[in-house]
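Under the UniProt record's numbering, the residues of the sequence shown are numbered 1 to 240, in order.
One structure below.
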Amino acid sequence: MKKISLLSIFGLFLFASCEQDFGITESEITYLPLIELKGPAVVEINCGDSYSADAYSATAFEGGSEIQLNETITGAYFGASTVSGPDYYEIAYSAVNKDGIPGSSFRQIYWKPCPGDLSAGDISGAYTSTVVRNGSSSPQYTDMGPVYIVKDGDSYKISDAIGGYYDFGRGYGWHYAGTGMMVTDNGNGTYSSGQTIGVGDFGGELVLDSFSVDPATGVIKFSTSWSFGYVFDVTLTPNN
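Dropping the structure here:
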């Protein structure tokens, strides 16, 4: 009799355990944002070619479903926010899933300027650069680049007014380039600039001291002085 009672109590305990809710909830799968690039991650656009946003687009997904994609374009040397002409561009794609987890992907675009007509004084083009700083140089500051020069009306924009010394020579990247310098064609074979610019994240004040062009070879030589006590003598050789 005692044995039967124990079995009955044990059966009731099992029944109660099966009915009891211990607060266990079903888990959900979290899908991280997936960004798919259309076209290569590194794009080179040569002289005469054009850029198509449709050919180099991106799409974001979460678990197979398309989600909102954000795109930020940075023109490194000339400051454009769209891919609209010769420059080096960085495109950042980003998306966030329903749980607030971000994802990102990147693309680089190198758009090479066309060489100008030197006989008409047009110095546009891509160049390699050799830089002497305060009278001193080394192999790491030789044949650097590319340095771009782009025509803008009667003036020319230079991608780096210190010839890529920190950008390429030191490997710091374009955030340490002397961007924003423009030189004006004076119409008599001379060029000038009245600007004062900084050197990327370093800052300071950089001015143009001299600028000359050899019409026979296309080689450009210019000098800039930086308020931090440095003078950069730059030689640009056409690399078109």
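Just so it is clear, CB atoms sit at the ideal spot from N, CA and C, and this is done for glycine as well.
Spatial neighbours of residue i in its chain, beta-carbon cut-off 7 Å, leaving aside the 5 residues before and after
{"i": "H175", "result": "G200 and D201"}
{"i": "A16", "result": "For A16, the pLDDT reaches just 45, beneath the cut-off of 50, and the residue's location in the model is therefore unreliable, although a value from the coordinates is still provided. For A16, where only same-chain residues beyond five positions count, there are no Cβ hits under 7 Å."}
Rounded straight-line distance, which links the Cα of residue j to that of residue i
{"i": "A53", "j": "G103", "result": "21 Å"}
{"i": "D154", "j": "T128", "result": "23 Å"}
{"i": "T224", "j": "D87", "result": "22 Å"}
{"i": "F228", "j": "V207", "result": "12 Å"}
{"i": "G204", "j": "E28", "result": "54 Å"}
{"i": "D49", "j": "T30", "result": "42 Å"}
{"i": "G218", "j": "G163", "result": "16 Å"}
{"i": "N240", "j": "Y51", "result": "19 Å"}
{"i": "I158", "j": "G180", "result": "7 Å"}
{"i": "G63", "j": "G39", "result": "22 Å"}
Per-residue DSSP class, three states only, for residue i
{"i": "D167", "result": "helix"}
{"i": "G200", "result": "helix"}
{"i": "Q195", "result": "coil"}
{"i": "L69", "result": "coil"}
{"i": "S138", "result": "coil"}
{"i": "L206", "result": "strand"}
{"i": "A16", "result": "For A16, the predicted model reports a pLDDT of 45, less than 50, meaning its position is unreliable; a value from the coordinates is still stated below. Helix."}
{"i": "S119", "result": "helix"}
Nearest to residue i (by Cα), restricted to the options the options
{"i": "L37", "options": "S94, T30 and S50", "result": "S94"}
{"i": "G187", "options": "I162, V213 and G204", "result": "V213"}
{"i": "W226", "options": "S138, A161 and T30", "result": "A161"}
{"i": "V43", "options": "Y110, G145, G169 and D99", "result": "Y110"}
{"i": "V234", "options": "G64, D143, N46 and G173", "result": "D143"}
{"i": "G169", "options": "T179, I158, G145 and G180", "result": "G145"}
Beta-carbon gap between residue i and residue j smaller than 9 Å
{"i": "residue 309", "j": "V83", "result": "In this structure the chain extends from 1 to 240, so residue 309 is not present and cannot be described."}
{"i": "P115", "j": "V150", "result": "no"}
{"i": "S124", "j": "Y156", "result": "yes"}
{"i": "S105", "j": "A55", "result": "no"}
{"i": "Y141", "j": "V147", "result": "no"}
{"i": "F211", "j": "T190", "result": "yes"}
{"i": "L118", "j": "P215", "result": "yes"}
{"i": "L32", "j": "N97", "result": "yes"}
{"i": "A60", "j": "I101", "result": "no"}
{"i": "P238", "j": "A126", "result": "yes"}
{"i": "T130", "j": "S136", "result": "no"}
Same chain, Cβ closer than 6 Å to residue i, five either side skipped, listed in chain order
{"i": "R107", "result": "A41 and I91"}
{"i": "A177", "result": "D160, D167 and G200"}
{"i": "T74", "result": "E90"}
{"i": "S81", "result": "I73"}
{"i": "E71", "result": "Y93"}
Sequence-distant residues of its chain with Cβ nearer than 8 Å to residue i (five each side left out)
{"i": "S192", "result": "V183, T184, N186, L208 and F211"}
{"i": "Y230", "result": "R133 and N134"}
Residue-chain proximity (residue i, chain B), Cβ-Cβ < 9 Å
{"i": "G100", "result": "Any reference to chain B falls outside this structure, which holds one protein chain only."}
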